[in-house]
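> So that we are looking at the same thing, I have put the structure below in structure tokens.
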Amino acid sequence: ITNPEQHLILRCSGRKPPRTRGPGRNLLSDVYISRGLLKQDRCGNSECTASMGSRDEGATDSRRAGHCKWFNVIKGWGFITPDDGGQDVFVHQSVLQMDGFRSLGQNEPVEFECKLTDKGYEATRVYGPSQTQCKGSEFRPRAKRKYRKMRCYNCGEFANHIAQMCAQGPLPKRCHHCKSEDHLVVDCPNKPPPKVPQPDQHQHQHQQHPQQQQQQHSSSTHHQT
């Protein structure tokens with residue numbers, strides 16, 4: 001047989017292909033052994049390993065059990081270690097069957113379905129035990145820190161640095177409002193007047209109420225006399 005595919009089919013089916021070069025010698029067997037498609041024991045017997053490497057890309061396995069090896073809650077992906085052995089399975093948060101924030105806890109038991117891709121095994125659906133919802137991790141990503149604006153008292157601008165870290169070097173004191181060196185911001189004539197909070201009408205009535213009571217009390221006392 002000169003066709004390698006026919007030779008491999010015969011090997012997987014258990015039938016011995018005809019020898020092409022002397023007793024115990026097969027050129028195609030040597031080629032497949034070198035490529036890892038056949039493995040040879042100490043006695044020289046060959047066993048076909050094409051079933052391990054001939055899975056079609058995208059083929060989906062049946063539901064398997066495993067544990068979460070680790071999961072990054074910030075990036076939203078991690079890996080699952082199957083209980084039946086084999087290589088780790090990549091898992092993304094979009095395939096987790098759960099409500100709310102999707103994640104997996106450390107060593108969390110799961111059931112999953114996966115497919116073979118060019119980068120390895122990837123989970124397509126992930127459940128909890130007995131197809132329940134995943135529990136998820138107790139950790140949550142921190143909210144983005146809000147940086148408040150700070151004024152640099154050297155350049156007078158609102159920036160993300162202070163005076164000693166200012167890139168403009170030491171500058172003379174000046175008004176931060178109109179940039180004039182003749183006065184400071186406290187004495188700036190162009191500075192808008194501060195807003196005076198107007199009293200609430202209810203508070204004004206409440207403040208006037210004791211005075212009215214005092215007037216009524218004084219008038220009643222004068223009337224009695």
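As numbered in the UniProt record's numbering, the sequence shown has no gaps in its residue numbers, which increase by one up to the final residue, 225.
All C-beta atoms in this analysis are idealised placements derived from N, C-alpha and C, irrespective of residue type, glycine included.
None of these values were measured; they are calculated from a predicted model.
1) Pro192: which of Thr81, Cys178, Ala167 and Asn72 sits nearest, CA to CA?
2) Using the Cβ count rule (16 or more neighbours within 10 Å means buried), how would you classify Asn154?
3) In terms of residue numbering, what span does the beta strand (DSSP E) encompassing Ala65 cover?
4) According to DSSP, is Cys43 helix, strand or coil?
5) Are Val89 and Phe71 close, meaning C-beta to C-beta below 8 Å?
6) Measuring CA to CA, which of Gly156, Arg140, Ala167 and Asp187 is closest to Ile74?
7) Does the distance from the CB of Lys195 to the CB of Leu184 come in under 8 Å?
8) Do His92 and Thr81 have their CB atoms nearer than 8 Å?
9) For Ala159, does the three-state DSSP call read helix, strand or coil?
10) Under 8 Å, with one C-beta from each stretch per pair, do the segment 118-136 and the segment 158-170 reach the 3-pair mark?
11) Taking the beta strand (DSSP E) that Arg125 falls in, what are its first and last residues?
12) Could you check the C-alpha separation between Gln87 and Ser103 for me, to the nearest Å?
13) Report the partner residues of His92 according to the DSSP bridge assignment.
14) Quick one: Cα of Leu186 to Cα of Arg151, how far?
15) In angstroms, rounded to a whole number, what distance separates the CA positions of Tyr127 and Asp118?
16) For Met165, which three-state DSSP category applies?
17) Quick one: is Cys43 buried, meaning 16 or more other Cβ sit within 10 Å of its Cβ, or exposed?
18) Have a look at Asp99 and Leu171 and give me their C-alpha separation to the nearest angstrom.
19) Within 10 angstroms of its Cβ, does Glu157 collect 16 or more other Cβ (buried), or is it exposed?
20) Using the rule of at least 16 other Cβ atoms within 10 Å of the residue's Cβ for burial, across every protein chain shown, is Phe79 buried or exposed?
21) Could you tell me the alpha carbon to alpha carbon distance between Val95 and Arg142, rounded to whole angstroms?
22) Can you tell me where the beta strand (DSSP E) holding Pro170 begins and where it ends?
Quick look at the numbers:
1) Cys178
2) buried
3) Arg64 to Asn72
4) With a pLDDT of 43 at Cys43, under the threshold of 50, the predicted position of this residue should be treated as unreliable, though the coordinate-derived value follows. Reduced to three states, the DSSP call for Cys43 is coil.
5) no
6) Arg140
7) no
8) no
9) strand
10) no
11) Gly120 to Tyr127
12) 21 Å
13) Trp77
14) This sequence places Val at residue 186; Leu is not what is there. The alpha-carbon atoms of Val186 and Arg151 are separated by roughly 15 Å.
15) 24 Å
16) helix
17) Residue confidence for Cys43 is low, a pLDDT of 43 falling below 50, so the modelled location carries little weight and cannot support an answer.
18) 57 Å
19) exposed
20) buried
21) 23 Å
22) First-last for Pro170: undefined, no H or E at that position.
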